[in-house]
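**Student:**
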Amino acid sequence: MKLKKIFILSAAVMLFVLLSGCSASAMRSNSWSGLSADAEKAYLAKGTFVYAISLSNGSMAWRYPAEKADSKEAYFANPVLSEDGQLIIASAGSNHSLSSLNPATGNLNWTFSDAEGVWIASPLVLGDTLYAPNTDGKLYALDLNGSFLWAKHIGGALWAQPVSDGDFLYITSLDHHVYAFDLQKKEVTWNVDLGGAIPGALALDAEGKLYLGSFASAIVSIDSQSQNLAWETPTKGWIWDAPVLDADTLYVGDLDGYFHSINTADGSENWDAFQPDGPVTGSPLVSKDFVVLGTESGTAYAIDNDGKIVWQQNVGERLYTNPVQSGELLLFAPTGIKIKIALVALDIEGRQVWQFTPEN
Amino acid sequence: MWDTYIIIPMSNVLLWIYEIIGHNFGIAIILFTILIRAITWPLTAQQLKGTQGMQELQKDKEWLGIQKKYKNDKEKLASEQMRIYKERGINPFGSCLPTFIQFPIIIGLYQSIIRSLAATPLSLLNLSRSLYSFLDVSQIIPLNSRFLWMDLGRPESINVFGFALPTLAIIVVITSYIQSKLMTPPSNPGDQGAAMGNMMAIYMPFLMGYFAMTFASGLALYFIVSNLLGIAQYAMMGKANWSNLIPGKKS
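Order-wise, the sequence lines are chains A and B. The numbering of the first sequence is our numbering, which starts it at 662 and goes up by one. The numbering of the second sequence is our numbering, which starts it at 86 and goes up by one.
1. Please name the residue, chosen from Gln1013(A), His838(A), Tyr912(A), that lies closest to Gly857(A) on a Cα-to-Cα basis.
2. Just the C-alpha distance for Ile998(A) and Ser265(B), rounded to the nearest angstrom, thanks.
3. Could you check whether the Cβ of Thr205(B) sits closer than 7 Å to any Cβ belonging to chain A?
4. Mind listing, in chain order, the continuous beta strand (DSSP E) runs of no fewer than 3 residues lying wholly within the region 759-795 of chain A?
5. Report back the beta-carbon spacing between Phe993(A) and Leu954(A) to the nearest angstrom; my notes put them in contact at under 8 Å.
6. Quick check: is the beta carbon of Ser164(B) nearer than 7 Å to any beta carbon in chain A?
7. To the nearest angstrom, how far is it from the Cα of Leu911(A) to the Cα of Trp892(A)?
8. Assuming contact is defined by CB atoms lying nearer than 7 Å, are Thr118(B) and Val310(B) in contact in what I supplied?
9. Apply the 10 Å Cβ neighbour rule to Leu142(B) and answer buried if 16 or more other Cβ atoms are within range, or exposed otherwise.
10. Taking only the alpha-carbon atoms, compute the straight-line gap between Ser717(A) and Ala735(A) and give it to the nearest angstrom.
11. Residue range of the beta strand (DSSP E) that Tyr919(A) falls in?
12. List the residues of chain A whose Cβ lies closer than 8 Å to the Cβ of Pro94(B), in chain order.
13. With 7 Å as the threshold, decide whether the Cβ of Gly857(A) is near any Cβ in chain B.
14. According to DSSP, simplified to helix, strand and coil, what is Leu99(B)?
15. From Val849(A) to Gln974(A), what does the alpha carbon distance come to, in whole angstroms?
16. Can you name the start and end residues of the beta strand (DSSP E) that Ala724(A) belongs to?
17. Tell me which same chain residues have a C-beta within less than 6 Å of the C-beta of Trp899(A), skipping the five on either side of it?
18. Quick check: is the beta carbon of Ser223(B) nearer than 7 Å to any beta carbon in chain A?
19. List the DSSP bridge partners of Leu871(A).
20. Could you work out which residue in Gly754(A), Ile815(A), Leu748(A) is closest to Ser760(A) when comparing CA atoms only?
21. Can you find the residues in the same chain that come closer than 8 Å, C-beta to C-beta, to Ile106(B), ignoring five residues on each side of it along the sequence?
22. Interface residues of chain B around Trp693(A) at Cβ under 8 Å?
23. So with CB distances below 9 Å, who are the chain B contacts of Gly817(A)?
24. Step through the CB atoms of chain B and report whether any lies within less than 7 Å of the CB of Phe876(A).
25. So that I know if they touch, is there some Cβ in chain B lying closer than 7 Å to that of Leu1004(A)?
26. Please check the pair Gly959(A) and Val976(A), which I expect to be a contact at CB under 8 Å, by giving their CB distance rounded to whole angstroms.
27. DSSP on Ala320(B), reduced to helix/strand/coil?
28. Under 8 Å, with one C-beta from each stretch per pair, do the region 815-822 of chain A and the region 212-219 of chain B reach the 3-pair mark?
29. Taking 7 Å as the CB-CB cut-off, is Leu762(A) touching chain B?
30. Quick check on DSSP: helix, strand or coil for Asp828(A)?
31. Measuring only the C-alpha atoms, how far is Ala249(B) from Leu228(B)?
32. For the pair the region 882-896 of chain A and the region 928-939 of chain A, tell me if three or more CB-CB distances fall below 8 Å.
33. Closest Cβ-Cβ distance between Leu863(A) and chain B: below 7 Å?
34. Given this structure, state the Cα-to-Cα distance separating Leu787(A) from Phe829(A), to the nearest angstrom.
35. Using the three-state DSSP reduction, which class does Leu235(B) fall into: helix, strand or coil?
36. Quick one: which residues of the region 740-764 of chain A get their C-beta closer than 7 Å to a C-beta of chain B? List them in chain order.
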């Protein structure tokens, strides 16, 4: 009898340890890095730290926090550089913090942590206001000192950075809708249901056409003036992140492992979808002579306008994060379990220049 | 292995229920708990039988006799005890088994809830790949994690005069306590086993309450429904010892 009770108690303690382990690892592992860069440094949001890495040699310039990590923080939104010289970082951890750092030193300027949900999306800085979409379905507006201005409910969970034409913010949501938010009236004026979750951002051209994909496995174009669907092009797999515009061509990858080049005028495919070696999650990068993309299999590709491979380079681990270019360097942030490399810099011919591995 | 045989099937069943009942994750967890309880019904019945058998043994003359006779010979005592278990068809661990079966279910359910709610990009990507083809994935993502006042993916509390009151955790403690007490059969004074049982009836509910307070409230919902169904099951089988709930009354 006594043995039985001790047995049950021991099992209960084990259960507690296992559950604790599950919940902690759920937040830690479920992230891929956020990445941005200026002319001198790359800024990498990776789990409990944000790193600034010197582009000249791949060494760490600073990290935030400088000392001990806060386990309640989980940074994986792309850090945003504002025109007034701030680096805005958003955390998906339980602190719900949106913070401003000095990009030169990594010192903290301010933190806003009054949102109900966590931050998956990067904020958008427009003039002297910061617009931050949150997973609680609200759009938060702060001034550039981090002071709260207002918050408006938009829809379901907001995971992507908004895009603006100056009068409206266009915001995508996991609730299957894209919303147009009037910045003067501070209200949603129209929305369109795409029939599938939209975890990524959208592209906006000079004529006010929106281009975006969703889990409904299609790329659509919406005229922001009439709110009408201009065209819809089916894709093999779900679209995760925003398509990228290059003049009248739209580039986007899907989760079934196809990469599309689409004519913005009518949605027709310019060439048969290119098939890299794995699913494409992140938005591609339009460089001077080619388009760069990364795959879940860990390969970086450069392809020309006709869909021909210019070069390909195995980076080693899964590439979910959007590639970023700074000068002559192409930056890739792999997500790995076995290999701890957090950032790889390639030159424009696909040769590795350096790699960055964070210290423990 | 764990993922393939526990988490993925559980997530799919949970999401299938969610889909057919009109996208309410709270109701899906409740129905899922009823399903688990129905599957483990024979085990719970065996647990009750085992507990009762062990309790009756404590009062048995032959059992008490060998305890006295071989109190200085542990080896002989153990072999005599085993003989009696065998003769009377009692499995001494039979009453533990259903409790142990519950643990992987609790861990699996917790992981299924966290995975199904897919609160981060990589978890959403993983979820999309672990769902069976009978689910219309593009329609059910994202899951509606709201149920009544709760976000089922997060610990629950209600703000009462500026104090965060963990209401679900309190209900878990109360229902766990009632269930434990109802399961405890009448015992004799000085019965060490019963004393230990009474202690378990006190600290186990608090441990479950701590789980409920710390982890996703979907798990607390599972605990509450599971406890209520357990109480109903004991009552239906005529095994519930309601007198144990009366304060001051000796069990």
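Glycine residues also receive a C-beta, built at the ideal position from the N, C-alpha and C atoms. Predicted, not measured: the structure shown is a model, and the values here were computed from it.
**Tutor:** The structure says:
1. As a position in the first sequence, residue 857(A) is number 196, starting the count at 1. Nearest option by C-alpha distance: His838(A).
2. By one-based count along the first sequence, residue 998(A) stands at place 337. By one-based count along the second sequence, residue 265(B) stands at place 180. Distance between the alpha carbons of Ile998(A) and Ser265(B) is about 43 Å.
3. Here residue 205(B) corresponds to residue number 120 of the second sequence, with the count starting at 1. Interface residue (Cβ-Cβ distance to chain A less than 7 Å): Thr205(B) is classified as such.
4. List check, beta strand (DSSP E) in window: 759-762, 769-773, 785-787, 790-794.
5. As a first step, residue 993(A) must be located in the first sequence, where it is residue number 332. As a first step, residue 954(A) must be located in the first sequence, where it is residue number 293. Actually they are not in contact, since the Cβ atoms of Phe993(A) and Leu954(A) sit about 10 Å apart, beyond 8 Å.
6. Against the second sequence, residue 164(B) aligns to sequence position 79. With its beta carbon at least 7 Å from every one in chain A, Ser164(B) lies outside the interface.
7. Here residue 911(A) refers to the residue found at position 250 when the first sequence is read from its first residue. Here residue 892(A) refers to the residue found at position 231 when the first sequence is read from its first residue. Between the alpha carbons of Leu911(A) and Trp892(A) lies a gap of roughly 13 Å.
8. To locate residue 118(B), count along the second sequence from 1; it is residue 33. To locate residue 310(B), count along the second sequence from 1; it is residue 225. With respect to Val310(B), Thr118(B) sits close: the two C-beta atoms are nearer than 7 Å.
9. Against the second sequence, residue 142(B) aligns to sequence position 57. Buried is the label assigned to Leu142(B), since at least 16 other Cβ atoms lie within 10 Å of its Cβ.
10. Mapped onto the first sequence, residue 717(A) falls at position 56. Mapped onto the first sequence, residue 735(A) falls at position 74. Using only the alpha carbons, I get a separation of about 27 Å.
11. The residue labelled residue 919(A) in the question sits at position 258 within the first sequence. Note, Tyr919(A): premise wrong, no beta strand (DSSP E); not H, not E.
12. For the purposes of this step, residue 94(B) is identified with residue 9 of the second sequence, where counting begins at 1. Those within 8 Å of Pro94(B) in chain A number zero; the least Cβ separation is about 17 Å.
13. Stepping through the first sequence from its first residue, residue 857(A) is reached at position 196. Yes - at least one Cβ of chain B is within 7 Å of the one on Gly857(A).
14. Stepping through the second sequence from its first residue, residue 99(B) is reached at position 14. Leu99(B) falls in the helix class under three-state DSSP.
15. For the purposes of this step, residue 849(A) is taken as residue 188 along the first sequence, with counting starting at 1. For the purposes of this step, residue 974(A) is taken as residue 313 along the first sequence, with counting starting at 1. The straight-line gap from Cα to Cα measures roughly 44 Å.
16. Your numbering for residue 724(A) matches position 63 in the first sequence. It is worth fixing the name first, because residue 724(A) is Arg in this sequence and not Ala. Counting along the chain, the beta strand (DSSP E) containing Arg724(A) begins and ends at 721-725.
17. The sequence position of residue 899(A) within the first sequence is 238, counting from 1. If we look at Trp899(A) and ignore the five residues flanking it on each side, its Cβ neighbours are Phe876, Ser878, Leu916.
18. Within the second sequence, the letter at position 138 stands for residue 223(B). The Cβ of Ser223(B) sits closer than 7 Å to at least one Cβ of chain A.
19. Here residue 871(A) refers to the residue found at position 210 of the first sequence. Note: Leu871(A) sits in a beta bridge opposite Leu865(A), Ile883(A).
20. Within the first sequence, residue 760(A) is the residue found at index 99, counting from 1. Of Gly754(A), Ile815(A), Leu748(A), the smallest CA-CA separation from Ser760(A) is found for Leu748(A).
21. Position 21 of the second sequence holds residue 106(B). Closer than 8 Å at Cβ, skipping near neighbours: Ile112, Ala113, Leu116.
22. Translated into the one-based positions of the first sequence, residue 693(A) becomes position 32. For Trp693(A), the C-beta contacts it makes with chain B under 8 Å involve Pro206, Leu207, in order along the chain.
23. For this step, residue 817(A) is matched to residue 156 along the first sequence. Below the 9 Å Cβ cutoff, chain B contributes Pro227, Asn229 as neighbours of Gly817(A), in chain order.
24. One-based indexing of the first sequence puts residue 876(A) at position 215. Chain B has a Cβ within less than 7 Å of the Cβ of Phe876(A).
25. By one-based count along the first sequence, residue 1004(A) stands at place 343. Using a Cβ-Cβ cut-off of 7 Å, Leu1004(A) does not count as an interface residue toward chain B, since no Cβ of chain B sits closer than that to its own.
26. Here the question's residue 959(A) lines up with position 298 in the first sequence. Here the question's residue 976(A) lines up with position 315 in the first sequence. Going by Cβ atoms, the distance from Gly959(A) to Val976(A) rounds to 5 Å, so yes, they are a contact pair.
27. Counting from 1 along the second sequence, the entry for residue 320(B) is found at position 235. Three-state result, Ala320(B): helix.
28. The region 815-822 of chain A vs the region 212-219 of chain B: no contact.
29. By one-based count along the first sequence, residue 762(A) stands at place 101. Output row for Leu762(A): interface = no.
30. Walking along the first sequence from the start, residue 828(A) turns up at place 167. Residue state, collapsed to three classes: coil.
31. Position 164 of the second sequence, counted from the first residue, corresponds to residue 249(B). Position 143 of the second sequence, counted from the first residue, corresponds to residue 228(B). Their Cα atoms are separated by approximately 26 Å.
32. The answer is yes - the region 928-939 of chain A touches the region 882-896 of chain A, with three or more Cβ pairs under 8 Å.
33. If you number the first sequence from 1, residue 863(A) lands on position 202. The Cβ of Leu863(A) sits no closer than 7 Å to any Cβ of chain B.
34. Here residue 787(A) refers to the residue found at position 126 when the first sequence is read from its first residue. Here residue 829(A) refers to the residue found at position 168 when the first sequence is read from its first residue. A straight line joining the alpha-carbon of Leu787(A) with that of Phe829(A) spans about 11 Å.
35. Translated into positions along the second sequence, residue 235(B) becomes position 150. Sequence check: residue 235(B) is Met here, not Leu. Three-state DSSP puts Met235(B) in a strand.
36. Within the region 740-764 of chain A, the residues whose Cβ lies closer than 7 Å to some Cβ of chain B are Ala753, listed in chain order.
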